[in-house]
Amino acid sequence: MKNLLISLFLIINTVCLSQVGINTTSPNANLEIAAGTTAEYNGILLPKNDEFPTTVTSNQDGMMIYITGNGSVTKGYWYYDHGSGWRKLIQGENEGFLKTYLNPKFPDGMNELQPITVNLSLGSYTVPTGKNLYITSVYRGNAALTLQAFDFSQSLSYTLISNTRATYGFPTFNNPIIIGQQDYALGNCVINGFLVDATIVPIYANTSYTVPANKVFVYLTSNQTNTNPINEIEIDGSFVTNTGTNNSNSGNAEASTMPLFVDEGQIIRLRNGGIMNGYLIDK
């Protein structure tokens, strides 16, 4: 009896540690699903949802679902990136994929574009889950203007535009401002831009930012709340540009017309301080 129990234990232990194969007796990984005949339904069906799951934590990091398009979220495959939110998988065969790589100012492309015009003087605007907001224009006449982004995940507010002199009512930013999903846009101005499906992670940083491993940071805009609209920008201690910021108290201060690119591990810093806005992409 004792020998029988030992034998059973060894068999069960072997099964628990073995590889799993479907349609194959010799799996080449922990799990391998081999194709059958063309008459069979060969493939994997992911969970189908009309909306995003409402309760997700770090335990669901990397979870993938298929959105049907029958709700408020656009149809397609989405994955959960803990700390950043839901991200849509880019489909290589569509036009949006090509647009993503044609223009670094609009890294999410133009797929499922939804124009947005909001008067923030009447209340804040919350970016929907699964979307990024691109702000391309702001207006408040000749009055002092302020635009802020409230980072929902960090509970921090960042001033992206601060026009400190009412005689200059048109902030000089040439690249878009990107505000991420579930974050708030606040201010006293009218904003115009668009929503698109989120595929990148917008970044707001105060004075300096260290780029995470395996990422590239693309700098778009910056702002100073003091009266000096000129800011020298350095990468790893080397100055790369001398540019105007979104604090347009001078008609001669022009913001950068093209993005800056910062590699993993490098530090980008605003010499005169302030808030920078941009986004992360995978290397």
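Heads up, the sequence shown is in numbering that gives the first Met the number 0, so the first residue is 0 and it goes up one at a time. Where a beta carbon is used, it is the ideal one built from N, C-alpha and C, also for glycine.
In three-state DSSP terms, what is Q113?
strand
Can you tell which of T256, I21 and V239 has the C-alpha that lies nearest to the C-alpha of R268?
V239
Return the chain-ordered list of same chain residues with a C-beta closer than 8 Å to the C-beta of V217, the five sequence neighbours on each side being excluded.
P103, P106, P258, L259, F260, V261, G277, Y278, L279 and I280
Can you give me the C-alpha to C-alpha distance between S71 and N29, rounded to a whole angstrom?
37 Å
Using only alpha-carbon positions, find the residue among H81, G75 and G82 that is nearest to L88.
G75
Outcome for D182 when other beta-carbon atoms lying within 10 angstroms are tallied against a minimum of 16
buried
Taking the straight line between their C-alpha atoms, what separation do you get for G264 and G192?
32 Å
Same chain, Cβ closer than 7 Å to Y78, neighbours up to 5 away in sequence not counted
G61, M62, M63, R86 and L88
Pull up the DSSP beta-bridge partners for K47, would you.
Y65
Measuring CB to CB, does Y65 end up less than 8 Å from P46?
yes
Within the continuous beta strand (DSSP E) that includes L219, where are the two ends?
K214 to N222
DSSP three-state call for L88: helix, strand or coil?
coil
Please determine, among A184, L119, L44 and H81, the residue with the shortest C-alpha to C-alpha distance to T125.
A184
Please state the DSSP three-state secondary structure of Q59.
helix
Going by the CB atoms, is the gap between Y157 and I274 shorter than 8 Å?
yes
Can you give me the Cβ contacts of V117 inside the same chain, cut-off strictly under 6 Å, excluding the 5 residues immediately before and after it?
Y124 and I190
On the criterion of 16 or more Cβ atoms from any shown chain inside 10 Å, does K130 qualify as buried, or is it exposed?
buried
Check whether L119 and C188 have beta carbons under 8 Å apart
yes
Grouping DSSP H, G and I as helix and E and B as strand, with all else coil, what is S154?
coil
Member of Q223, K282, D235 and I234 whose CA lies at the smallest distance from the CA of N271
Q223
I160 burial status per 10 Å Cβ neighbour count (16 or more: buried):
buried
Which residue wins for smallest C-alpha separation from L155, given the options S221, Y203, G84 and E39?
Y203
Out of curiosity, what's the CA-to-CA distance linking A302 and T256?
Because the chain spans 0 through 282 in this model, residue 302 falls outside it and cannot be assessed.
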